[in-house]
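In terms of our numbering, the sequence shown has 520 at position 205, counting the first letter as 1, and numbering is strictly consecutive. Just so it is clear, CB atoms sit at the ideal spot from N, CA and C, and this is done for glycine as well. Okay, so here's the structure we're looking at.
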Amino acid sequence: MQTNFSSAQLADPHVAESEKILRKCVHCGFCTATCPTYVTLGNELDSPRGRIYLIKDMLENGRPADKEIVTHIDRCLSCLACMTTCPSGVNYMHLVDHARAHIQETYDRPLLDRLTRAMLAFVLPYPRRFRAALRLAKLGKPFIGLFEKLPALKPLAAMLKLAPASIPAASPMASPGVHAGQGAKKGRVAILTGCAQSVLDPAINDTTISLLTRLGVDVVVPPGEGCCGALVHHMGREEAALASARQNVDAWTRTIDQGGLDAIIITASGCGTTIKDYGFMLRLDPAYAEKAARVSALAKDITEYLASLDLPEPVRKPGTIVAYHSACSMQHGQKITRQPKELLAKAGFIVREPREGHLCCGSAGTYNILQSEISAKLRDRKVRNIEATGASIVATGNIGCITQIASAVSMPVIHTIKLLDWAYGGPKPEGVRDESLIAAE
Ligand code: SF4
Ligand code: SF4
């Protein structure tokens, strides 16, 4: 694509980066076919190619964002299916991240939208605040129907619908410290405790620590780590995202300096995509660029790491039919497609892949709150495809997808690590029904 930026504009490294990306796009439109919002809405401006044109026009003309571009960029899930499809290697992720930061800087959103976004950014990345908000949500649940009738309050209704009926207690295993591996040492890793996942399902990380230590891996919970920054990054709040990235880079660098690390384990693929991008996000910060690149290189999804170990034979082979839902951040963001399915199959599960597996379930961070109507359409389409597999369990590796799909599907939606842990001698995951076991034994 021809671009027309002035040399003064290109002196801004963010614009220079976006210009490089824009020049790679050859307008072929292959990406439109796999874009969930184009498939759902049928509007070119809700396709990757359409958004790329809008972003180009805004940046080239040095214009503040307007209502039209905000509408279409807000509808983008950042699922990155377009990056998997694109034959020209267009880095849509970095382009849309730049556009979102530009929108945040230059566009005056309506008051309620501003307040909703500020509230999400204030609450979600902080486990204590999030837990308190979920308790409050119980009081608001009876008003969901009323809020749904008022367009400006739809995000509030969506939040209340997604809030779980019960909130698990915080896990003591998430406190800073070292969980020593058993037997012959296989490695030393840090684990990201994270934010929303540690509140919604702390058992995911507990199970990960339990399995890894049984396999002989030391697991460090480093003091000082926090939210990866993805939630605010996707809202265009660059400074907040970079502050989270720096905090984690500092925490993990101290751990590396105190005994080395083979990997930084991430159990929510949405976080993994962002942490693997820290090297890029902090490239312009001389105090952090090198450390951030080192952290990104060490970041591994738990299935990526397990696939690199020489695993023993499973203790039990459940034989259960599992529909594997590959989160967008797993398959498009991190290009991890093989390992989770192979691990599940090796552990004795019968793995089925739902049709249209490339399409997002509609969760996408805060998307299911801020764009609840499109999100619900994508969720229902995903659930239809999952139910058609005939599976009795859904496995996936991202808490956002678990919450989203579980809100509409008739079978348990379980993190992949819990199923693997079960096969390797851990307890049966909560929600797995006895009929699954009948197939097993
Ligand atoms: S990130 Fe997803 S929703 Fe956004 S343009 Fe690409 S394919 Fe479409
Ligand atoms: S597939 Fe790639 S090159 Fe083609 S229009 Fe989409 S982004 Fe541009």
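{"Asked": "For G492, three-class secondary structure by DSSP", "Found": "strand"}
{"Asked": "Three-pair Cβ contact test at 8 Å for the segment 573-586 versus the segment 629-638", "Found": "no"}
{"Asked": "Distance cut 6 Å, beta-carbon to ligand 1 heavy atom: residue list by chain order", "Found": "C350, P351, T352, P363, R366, C391, L392, S393, C394, L395, A396, C397, Y407"}
{"Asked": "Start and end residues, beta strand (DSSP E) containing R390", "Found": "No beta strand (DSSP E) holds R390; DSSP gives it neither H nor E."}
{"Asked": "beta-carbon H342 near ligand 2 non-hydrogen atom, thresh 7 Å", "Found": "yes"}
{"Asked": "Residue burial classification, E332 (beta-carbon count within 10 angstroms, cutoff 16)", "Found": "buried"}
{"Asked": "Bridge-paired residues (DSSP) for G758", "Found": "Within the shown structure, residues of the chain are numbered from 316 to 756, placing residue 758 beyond reach of any answer."}
{"Asked": "Own chain partners of N700 with C-beta closer than 7 Å, once the 5 adjacent residues on each side are dropped", "Found": "P669, R670, E671"}
{"Asked": "Reference V341, options A380, M645, Y368, closest by Cα", "Found": "Y368"}
{"Asked": "Nearest-angstrom Cβ-Cβ length linking G502 and V532, presumed shorter than 8 Å", "Found": "5 Å"}
{"Asked": "Where A558 falls: helix, strand or coil (DSSP)", "Found": "helix"}
{"Asked": "Whole-angstrom C-beta distance between P655 and T704, which should lie under 8 Å", "Found": "Their Cβ separation, rounded to whole angstroms, is 16 Å, which puts T704 and P655 out of contact at 8 Å."}
{"Asked": "Cβ separation of T286 and T681, assumed to be a contact under 8 Å, to the nearest whole Å", "Found": "Within the shown structure, residues of the chain are numbered from 316 to 756, placing residue 286 beyond reach of any answer."}
{"Asked": "Presumed contact (8 Å Cβ cut-off) between R653 and L674, rounded CB distance", "Found": "Wrong, their Cβ atoms sit about 19 Å apart, outside the cutoff."}
{"Asked": "C-beta atoms of M726 and I708 nearer than 8 Å", "Found": "yes"}
{"Asked": "Rounded separation between A485 and I370 - CA only", "Found": "42 Å"}
{"Asked": "First and last residue of the uninterrupted beta strand (DSSP E) at K656", "Found": "Here K656 belongs to no beta strand (DSSP E); instead the alpha helix (DSSP H) covers 654-661."}
{"Asked": "Cα-Cα separation between G492 and P538, rounded to whole angstroms", "Found": "8 Å"}
{"Asked": "K661 to M645 span [Cα, whole Å]", "Found": "20 Å"}
{"Asked": "Any non-hydrogen atom of ligand 2 within 7 Å of T400 CB", "Found": "yes"}
{"Asked": "Separation of I720 from E420, as counted between CA atoms", "Found": "34 Å"}
{"Asked": "Outcome for P351 when other beta-carbon atoms lying within 10 angstroms are tallied against a minimum of 16", "Found": "buried"}
{"Asked": "A558 versus A602: straight-line alpha-carbon distance, rounded", "Found": "13 Å"}
{"Asked": "Cut-off 7 Å between Cβ atoms - residues of its own chain near V330, not counting five sequence neighbours on either side", "Found": "F320, Q324, L374"}
{"Asked": "Cα-Cα separation, S623 to G377", "Found": "47 Å"}
{"Asked": "C-beta atoms of V514 and P442 nearer than 8 Å", "Found": "yes"}
{"Asked": "Stretch pair the segment 589-598 + the segment 542-562: three plus CB contacts closer than 8 Å", "Found": "yes"}
{"Asked": "When Q686, A723, V564 are compared against T431, the one with the closest alpha-carbon", "Found": "Q686"}
{"Asked": "Same chain, Cβ closer than 7 Å to E463, neighbours up to 5 away in sequence not counted", "Found": "K469, A472"}
{"Asked": "Residue burial classification, K456 (beta-carbon count within 10 angstroms, cutoff 16)", "Found": "exposed"}
{"Asked": "Ranges of the alpha helix (DSSP H) found wholly within the segment 359-439, counting only runs of at least 4", "Found": "363-375, 382-389, 396-400, 407-421, 426-438"}
{"Asked": "Buried versus exposed, by CB contacts within 10 Å (16 or more), D372", "Found": "exposed"}
{"Asked": "Beta carbon of L449 nearer than 8 Å to that of P479", "Found": "yes"}
{"Asked": "Three CB pairs or more closer than 8 Å across the segment 390-397 and the segment 518-529", "Found": "no"}
{"Asked": "Other residues of its chain near S751: CB distance less than 6 Å, five sequence neighbours each side excluded", "Found": "Its pLDDT being 47, under 50, S751 is placed unreliably in this model, and the coordinates cannot settle the point."}
{"Asked": "Residue nearest to S490 in terms of C-alpha spacing, selected from A505, L451, F458", "Found": "A505"}
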